[in-house]
Structure formats: C-alpha cells, structure tokens
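Trainee: Here it is, the structure in full.
Protein chains in written order, with our numbering: chain W, 295 to 488; chain G, 16 to 188.
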C-alpha cells in the first residue's frame, strides 16, 4: 500500500486548523518552527531556534505548569533523536495534556539534508512505546493523519506521533529571533503578564 | 530561620518553599538525597527525575513559560551535560536556578569525578551563569536565597555550588 507523500506545511496547517484557545504549541528548532510560523504567527506558540533536543522537555515543563491547557510539541526527527531520553521522562510523568508530533523527513534539513538515523533502521514510535508512552504511532497517509489530528485535540496524553513527510524544504518562515520577546509574548498571551 | 547546621538540606528546602518553587528536576546525587525526599513529600511541588541534566533546563524553561518557578538539582558531573541547553534561558532572558553538589574537589575518592568537578565552575561561567559558592552550612540559607533572588528578580541564570567539604568526601573505601 503506497500512499501519496505527506507535505510538512500541509500537515502542520491541518494539525493546527481545529485549534482551540487552550492549545499551546512548542515548536522544535529548524523547519518545524518555520512550518508553525508559516501557518500563523500565533502568540500562544513558542518556537525554539536553538537548544537542540529540548522541544519535548519544554513541552513537559509547560504541561506540568498548565494542567488546564493542552500542550502540543511539534518537532523534527533530528531534535527528537538528540533528546530521546525525554520520552522516558514523559512516560513516567504521564502528563495527560501533552501531545508530541515528530515531523520525520529522515534528514537534518537545516544543514544540508544529511540522513538521520530514521533514514536507516531507527523507529522513533517504537522507541516511544518502549519508553512507556501509551499512545504511539507512525503516520504515513492522509487517513491516518485525520485520526491523529482528532486525537491530538480531543484524546488523552501522553501521545506520540511520527509523521513521515516528503523530503522538501518549503522555505524559511522565521518567527522573531529574539527569544526574550517570544517568551514575553507567550506569557502575555497565556498568563496575562510578561 | 536557622536550623541545625548539619541539616542544610532542610534549609535549602525552606528557601525553595519561600521562593514558591513548584517544579524540581533532578538527576540524583547522594548529596541531594534528603532535599529530593523533602521536595517529593511536598504536595504542591512536582518532582521530576531526568535521564540527563539538559532535560531539566528545558523543563524549567517550559515551567517559566507556564508561570511556574523551578530548580534543577544535580551534581557537578551533570553540569557538562547542560552547556548548550543553557543557551535557552540566556537567549530568552528566562530565570534559571540550579543547585550543584560538587565532586572532585575535597577528598574525592574517584578520579573520574575530578575533571568535570574542576571544570564545572568555568563551564558555567562561560555560559553566563552567575556562581554562588557555599563552603559552610551556616551560609546556605542566605546563599540559596540570594541566588534565587538573582535568578527570578533579574532574569538571570544562577548556580549554587555546594562544596564537597560541606557534603562530605566520597570514596570507595
């Protein structure tokens, strides 16, 4: 069964289309942050542009602090591979309001497209399962994506999805590079104070 | 609020409570064992065991984004694992507070602990972290309080380094 390839900008747009005010998004450095920003420059999103490997930990700390909001981490395979231990931490903390999506193009996209280990034999959703995350799956088709999106917005966390996407670079759409501004803007939107 | 000098972990715990610390992340160290137990027994503190120390830098950044204060407890060997992660609180001008139990400096029995123990202060300073060293138990309350104030009032990264002389040397004998 071969499915038409999923395109990262379309995937992120579809994931964020049904968002409610209680959804807070953490973007992992590189292309996932550009995808999120291309969809909308939303103050309830916080995009990392450095600190590789930390998208999931940032999401976990936010999920702990904001139990009444739903936290969605959207990151890439390179960032996730650098911080795989965090999946074991997430599984043991078991935040019901944390959802993780890895956009997996099997490449280090920002540095020349060198293959990551997911281009080889590594299966990130199997690692998440092994870490103890109760819901983990690899998404390869539009139909599977539709089910995933419903669960992201309505289901119980922690959940972990790898979305296999086409190898393409649809262009850099930068959020503000000023992390202090991005942080203050996010806190104003969520907490009402910087 | 001074207690028995030998009970410095309780002094740290009191400061963390007074400073409204809600998230405590750690890779355990024998020197932090009592403090971790005290925090775990506190209902309004969430205590998270990490697989590696840089996770804690990310979790505490997420905590701050969500309106909570946190602290990272680690030993000096863990400092090396946090270095690139420290770009996150620095670039975003977020507070970051860590309490480090030092190894490799006073009666150390394990030569493998010496390089990172000796390198930890310089590595932290290179990343812009302000250091607050404690050599005597009677100074711990004021020092942790000063480091927390510097972090949360001034949006700085700060580290309290607790001397191995205070913790007690560790060897294999």
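Quick reminder that beta carbons are idealized off the backbone N, C-alpha and C, glycines included.
1. Tell me the residue span of the beta strand (DSSP E) that contains residue 40 of chain G.
2. Which chain W residues are close to residue 144 of chain G, counting only those with a beta carbon under 8 Å from its beta carbon?
3. Would you verify that the beta carbon of residue 314 of chain W is, or is not, closer than 8 Å to some beta carbon of chain G?
4. Please give the ranges of any beta strand (DSSP E) in the segment 310-383 of chain W, keeping only runs that are unbroken, at least 3 residues long and fully inside the region.
5. Can you list, in chain order, the residues of its chain whose CB lies under 8 Å from that of residue 335 of chain W, leaving out five sequence neighbours each side?
6. Note down, in chain order, every chain W residue with its Cβ under 7 Å from the Cβ of residue 61 of chain G.
7. DSSP on residue 484 of chain W, reduced to helix/strand/coil?
8. For the alpha helix (DSSP H) that residue 133 of chain G lies in, which residues bound it at each end?
9. Measure the Cβ-Cβ separation of residue 38 of chain G and residue 355 of chain W and say whether it is below 8 Å.
10. Is the CB of residue 276 of chain W under 8 Å away from at least one CB in chain G?
11. What three-state label does DSSP hand residue 278 of chain W in the structure shown?
12. Roughly how many whole angstroms lie between the Cα atoms of residue 477 of chain W and residue 351 of chain W?
13. Considering only residues of the same chain and omitting the five flanking positions on each side of residue 122 of chain G, which have a CB-CB separation below 6 Å?
14. For residue 432 of chain W, tell me which candidate among W/406, W/397, W/450 has the shortest Cα-Cα distance.
15. Following the continuous alpha helix (DSSP H) through residue 52 of chain G, name the residue where it begins and the one where it ends.
Mentor: Once the coordinates are examined:
1. 36-41
2. Result: empty, since nearest Cβ-Cβ is about 15 Å, beyond 8 Å.
3. no
4. 317-321, 339-341, 364-370
5. 469
6. Here the neighbours are 358.
7. Helix at residue 484 of chain W.
8. 129-141
9. yes
10. One cannot answer for residue 276 of chain W here, as it falls past the ends of chain W, which runs 295 to 488.
11. Lying before the first or after the last residue shown, residue 278 of chain W is absent from chain W, which here runs from 295 to 488.
12. 16 Å
13. 184
14. W/397
15. 48-55
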